[in-house]
Each structure stands twice: as structure tokens, then as C-alpha cells.
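Numbering (my numbering), first residue to last: 3 to 415.
Encoded structure:
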């Protein structure tokens, strides 16, 4: 089990084809230096209200909040999740970020008095966020310029949201921070969502790394520690270590067309605390089925990237099978999503390696789905028996990673 869900090492075995070098993630000391560098960027920007895009920034934010310089400053950090796919439940998003008191407050709009919750439900039911933000092609430069002409379907949101904490943040100048600004998708989506609060948001951008040329040319950019010219320097100094690190983040967002829910790993663990048992039997069965059906060789045959072929093992297939079986049996749910997050945790790193490595990993599994489907029936009964024991043991392993990391960071403060 520890071998399956223990130390995360999804970078050091790869060689970057562009730079012809291998890289390592930042160690704890380097992470502390990064936190101080980012905090200094906040200070130098002149902004006191900082809006931070979740979730890969969360461990970094936790370090920043532990710094004495932060504790004695006027800086206020607000963390917000902005999904890449705009087809999520918008009302549930508001429900996650507005307080119960704000949702239940009775407000008057056009002589009609209802709770803010009721107004929001009605408005969200008749609002298409995807159409409002737009489906046209864009680049990182388009997102940063933020010159899109929006339609007026957002106007009633302003009245509904007036007086909420988020309204007060988004209608005043603020700084937006994310770890990476790459394709610009999150920035584009944020620019649309913030306009549900105001048509004239006044914010600038900041990041650990923006993948663009000459960031100093853009008035919208307050700072970035690295850009296209200094990308290699960033990696040599230690790659950003928190992307996809559900174990260090400590929570994830279960997002679908019907859901937007922040799920803490500790809460999942508490749901399963009374369970006890040994799960080795199902892992032995999984290994045997993988070997009997030659799944590892089939996976490798369907991978395009040589380095990804060398990376994959039965462990990757087991982690894929767990999340695939769960959703197959129980549908889209927070446990299947947790197992998907865990699968992603051990996939080839998004950065600094080329995106194609991660995509190739995904595509390889997609191409052998028909082979996997042939063995699902043999696993269903046993998986149903061991399901929550497996999830509990994974949670215990991830908690161990989290505890060890926090102890090291706290020891350096």
C-alpha cells in the first residue's frame, strides 16, 4: 500500500526534450524562500487585498501565512477556486463562497423581497456562464489584455450580490495570484466570473511563472517571478512543487454540472474511521488480472512518448482501475473523484515537463479501456466489499505525507 500511495516522485526520472535536462522539485528550504519572494511581490505591488486562485497555491499560501512578515502586515489573502470547465453548478459555487448569513439575508429587487439564496437560484437557473464567458479561441495574451465585450446577461447579479464580502473585494482594487499562468484559461474564466459582481473590476495579475514574453509590457501584470525567458532558470532553481499535490493541499473540489463542493481529506477520513480490515487480497487480485491480461504491455504499446512508456508500471494501472471501477459502479461521486485526484497525483508532472507527457499518459489509458472493461465484472463484487477500506488506507498514506511536510516546514520557521 505504501508503495502505491507513498512518496510522490513524478518528475526526476524525466528528461526535458527542449532543454535536454532533468529537474527536481523545490525542497522545503527552497519552498520557504519562494514564499518569501512571493510575499515581497505582494508588498511591492502596493495591494493589500490579494485574491489567490486555488488549489495548487494552497500549500504555498499556508507557508506565507506562517511568516512573521505576513502576520505583521495589512495583507489579506482570499482563496478562490475557478474551474477550467465552465459547465459547473454556478449556484453551488456561490453557496461555497457566500456565508449562510449572506445567503439567507432578505433583499429587495424590483419591489420583490426574497432571500439572496432564492434570487441567486433563480438567476443561476437562467444564466449560461459558458456563453457569457465565450467559446471563441484565445491565447494567454488575450486573457491578460481582458478586452472581451460581455453581454448584459450578468446585470441582475450585481444587485443580488451587493453587500457580500466577495462583492466588497471584487469592487475594489485587488491583486490576483496564481502559480502558473499558461494557456490563460483560468484567467479568462475569472475575468468572466468577476463580472458577475462588477462590470469594471480593477485588478492586476501576479504569478510564480507566466508563460509569455516581455511581461513588463503589460500594464495588467504586477509581477511574475519567471517568464518565457527565465523558464529554464526557474526549473534549475527547483520546479514548483505543489501542483496536483492533494496530499499537501489537504482537500479537493468535487465539481460537476450538479456539484461544487470543497471536500477535506480529514472529513473523508472521519466518515471511515470505524472501518478496519486488510486490503491485500484485492491488490493481489488486481495485480494478477493485470498480468494475466497483459495490460501493462498493452498500455505501453498505446503510449507515444518513450519516457512515459518507461515510467508506467502495474501501480499506475491499479490506481487507474480504482477510480475507473468506482465511477463505473457508483457514478460520479466524491469518492470516485478523490480516487481520480490520487491517480493524477502520481501521473507525470504537468510542469516543468511538456504537457504532452501527461496527455500521453491519459490517452494511453483511454486506448486500453476496452481491455479494462473486460475485467471489470471480475472485480466488482470484491471492490464493493473493500471500497471504503481502500479509500481509508489511501487517506492514511496521504495524511502521513502531509504531516511529514508540515513538520519540516514548521521546523524551519
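All C-beta atoms, glycine included, are put in the ideal place defined by N, C-alpha and C. Model, not experiment: these values are computed from the prediction.
Identity of the residue in the options nearest residue i by Cα
i	options	result
residue 125	147, 159, 175, 356	159
residue 207	178, 196, 229	178
residue 217	399, 143, 88	143
residue 292	23, 337, 319	319
residue 256	308, 43, 201, 342	342
residue 221	326, 201, 146	146
residue 53	359, 173, 305	173
residue 214	315, 232, 307	232
residue 79	60, 401, 114	60
residue 332	390, 279, 5	390
residue 154	176, 129, 164, 141	129
residue 268	399, 229, 20	399
residue 151	194, 180, 120	194
residue 1	57, 310, 219	The structure shown does not extend to residue 1, since the chain spans only 3 to 415, so no value can be given for it.
residue 413	22, 38, 279, 68	68
residue 121	163, 89, 86, 308	163
residue 58	132, 99, 381, 351	351
residue 235	47, 94, 26	26
residue 375	402, 237, 323, 385	323
residue 6	409, 105, 403	403
residue 279	63, 100, 49, 388	388
residue 92	312, 117, 123	123
residue 380	30, 289, 186	289
residue 266	55, 339, 131, 284	339
For residue i, the first and last residue of its enclosing alpha helix (DSSP H)
i	result
residue 328	316-332
residue 338	336-347
residue 394	371-414
residue 187	187-195
residue 310	308-313
residue 63	60-68
residue 116	No alpha helix (DSSP H) holds residue 116; the beta strand (DSSP E) holding it covers 114-117.
Helix, strand or coil at residue i according to DSSP, with G and I counted as helix
i	result
residue 41	helix
residue 297	helix
residue 220	coil
residue 79	strand
residue 109	strand
residue 142	helix
residue 102	helix
residue 21	coil
residue 178	strand
residue 6	helix
residue 2	Any answer about residue 2 is impossible in this case: the structure gives the chain only from 3 up to 415.
residue 225	strand
residue 27	strand
Distance cut-off 7 Å: residue i Cβ against heavy atoms of the ligand GTP
i	result
residue 223	Inclusion of the ligand GTP in the displayed structure is not the case, the ligand content being empty and no account of it being possible.
Where the beta strand (DSSP E) containing residue i begins and where it ends
i	result
residue 56	51-56
residue 90	That residue, residue 90, is in no beta strand (DSSP E); it is neither H nor E in DSSP.
residue 134	No beta strand (DSSP E) holds residue 134; the alpha helix (DSSP H) holding it covers 131-135.
residue 205	205-212
*Can we say the region 164-179 touches the region 127-147, given the rule of at least three CB pairs closer than 8 Å?*
no
*asked:* Any contact between the region 391-407 and the region 260-278? By contact I mean 3 or more CB pairs, one from each, below 8 Å.
replied: yes
_Three or more C-beta pairs below 8 Å linking the region 103-112 and the region 199-213_ = no
*Should the region 286-305 be called in touch with the region 364-372, which here means at least 3 C-beta pairs below 8 Å?*
yes
*Fully enclosed by the region 231-306, which beta strand (DSSP E) runs are 3 residues long or longer?*
253-257, 262-266
_Unbroken stretches of the alpha helix (DSSP H), 4 residues or longer, contained in the region 147-176_ = 157-163, 167-172
*Inter-stretch contact (C-beta, 8 Å, three-pair minimum) for the region 236-248 and the region 323-335*: no
*Three or more C-beta pairs closer than 8 Å, one from the region 37-45 and one from the region 183-203: is that the case here?*
no
*Taking three-plus beta-carbon pairs below 8 Å as touching, is the region 352-363 in contact with the region 12-20?*
yes
_I want to know whether the region 245-253 touches the region 69-83 - three or more CB-CB distances under 8 Å._
no
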